[in-house]
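Single-structure report; data block below.
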Amino acid sequence: MNSLRHDFIQSCLRSVSSASPNSNDAQNPEATRKYKYLDVGCGGGIFASSAARLPNTASVTAIDPTSEVIKVAREHQRGDPMLSQPGRLQYLNCAIEELDSHIEGQGKESFDFVTVFEVVEHIDKPAAFLRQALAHLKPGGWLIGSTIARHPVSYLTTKIVAEAPWPIGVVPPGTHDWNKYVNPSEVREWFAHENHELHTRNVETSDNEGRIEAGDKYGVVRVEGCIYLPLLGWKWAGGTAESR
């Protein structure tokens, strides 16, 4: 799964680069730009550590509210000199709602990428969570996430099989709530609603110049499906599946 995450991010960057003038020019800022990542719900740091090793990464801030997984991630970091370089990778034991108090001086809109991998399906109020995450994204930045679609196949694989008794199951019973799974159409609808709110809301600038005529602030650029195949690993599924 981690390799697919990086493939997806690189494809997003290529789509921007190819649309830019002189995209093949070494002097193009996009060709030499370095990116700041915020990995929300980082767990043991699988994605965060791999992102920190990329040559086009400036820094990675990885957060998780569970102290045990942050401890594991930091232990792994200490064993890698590259990840231990000052400013390269930092793990913070906090939730997204608490992040501001841990990164004083950086302010909002600090990151080029905010990543939320296998997190949304565990959140009671995903809309509020996504707003918190988006607040830390630079204008023109990317919110990249992966979650589980609400589909009969996902119920079979993540509830019946994954939560089955040992030696079949791999996670404790009750880890997943199928009703919290999020379908691609619901993600699109949520961003469309947020854009509509921006269009219809009266907003005044701080010096009272009047209403800001905003275009769409958010948009779902690309949605892809993937599936785990025994003996083959994670593969792109060539589409997305969902069930109401």
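Residue numbering for the sequence shown follows our numbering, starting at 52 and increasing by one per position. Using N, Cα and C, we set each Cβ at its ideal position, and we do this for glycine too.
> Once you ignore the five residues that flank Pro190 on each side, which residues in its own chain have a CB closer than 8 angstroms to its CB?
Replying inline: Glu160
> I think Gly192 touches Phe168, with their Cβ atoms under 8 angstroms apart; what is that distance to the nearest whole Å?
Replying inline: Wrong, their Cβ atoms sit about 16 angstroms apart, outside the cutoff.
> Are three or more beta carbon pairs between the segment 193 to 203 and the segment 126 to 135 nearer than 8 angstroms?
Replying inline: no
>> With H, G and I counted as helix, E and B as strand and the rest as coil, what does DSSP make of Trp229?
In response: helix
> In whole angstroms, what separates the C-alpha of Leu207 from that of Arg84?
Replying inline: Cα to Cα, the separation comes out at about 43 angstroms.
> Which runs of the alpha helix (DSSP H) fall wholly inside the segment 132 to 210 and span at least 4 residues, in chain order?
Replying inline: 177 to 185
>> Tell me whether the segment 135 to 145 and the segment 169 to 189 touch, counting them as touching only if at least three CB pairs, one residue from each stretch, are closer than 8 angstroms.
In response: no
>> Using a Cβ-Cβ cutoff of less than 7 angstroms, which residues in the same chain neighbour Ser135 once the five nearest sequence positions on both sides are dropped?
In response: Excluding sequence positions up to five before and after Ser135, its CB lies within less than 7 angstroms of the CB of Gln128, Arg129, all in the same chain and listed in chain order.
>> Helix, strand or coil for Leu55? Go by DSSP, reduced to three states.
In response: Leu55: helix per DSSP, three-state reduction.
> Is DSSP giving Cys63 helix, strand or coil here?
Replying inline: Three-state result, Cys63: helix.
> Apart from the five residues on each side of it in sequence, which residues of its chain come closer than 6 angstroms, Cβ to Cβ, to Ile174?
Replying inline: Phe180
> Can you tell me where the alpha helix (DSSP H) with Ile97 in it begins and where it stops?
Replying inline: First-last of the alpha helix (DSSP H) with Ile97: 97 to 103.
>> In whole angstroms, give me the CA-to-CA distance for Pro106 and Ser66.
In response: In this structure, the straight-line span from the alpha carbon of Pro106 to that of Ser66 is close to 19 angstroms.
> In terms of residue numbering, what span does the alpha helix (DSSP H) encompassing Ile219 cover?
Replying inline: Run containing Ile219: none; DSSP gives neither H nor E here.
> Which two residues bound the contiguous alpha helix (DSSP H) that contains Lys122?
Replying inline: 118 to 129
> Shortest alpha-carbon distance to Pro235 belongs to which of Val221, Gly276, Val212?
Replying inline: With respect to the C-alpha of Pro235, the residue from Val221, Gly276, Val212 having the closest C-alpha is Gly276.
> With distances taken between CB atoms, is the gap from Ile195 to Leu150 smaller than 8 angstroms?
Replying inline: no
>> Let me check one thing: in DSSP terms, what residues is Lys286 bridge-paired to?
In response: Ile278
>> Taking 8 angstroms as the limit between beta carbons, can you name the residues of its chain near Arg56, skipping five residues before and five after?
In response: So the qualifying residues of the chain are Phe98, Thr166, Phe168, Ile195, Ser197.
>> According to DSSP, is Ala243 part of a helix, a strand, or is it coil?
In response: helix
> Apart from the five residues on each side of it in sequence, which residues of its chain come closer than 8 angstroms, Cβ to Cβ, to Gly95?
Replying inline: Val120, Val123, Ala124, His127
> In or out: Glu155 buried (at least 16 other Cβ within 10 Å) or exposed?
Replying inline: Flag for Glu155 reads exposed.
>> Quick check on Glu260: buried or exposed, where buried means 16 or more other Cβ atoms within 10 Å of its Cβ?
In response: Note on Glu260: pLDDT 41, under 50, position unreliable in the model; the coordinate value appears next. Label assigned to Glu260: exposed.
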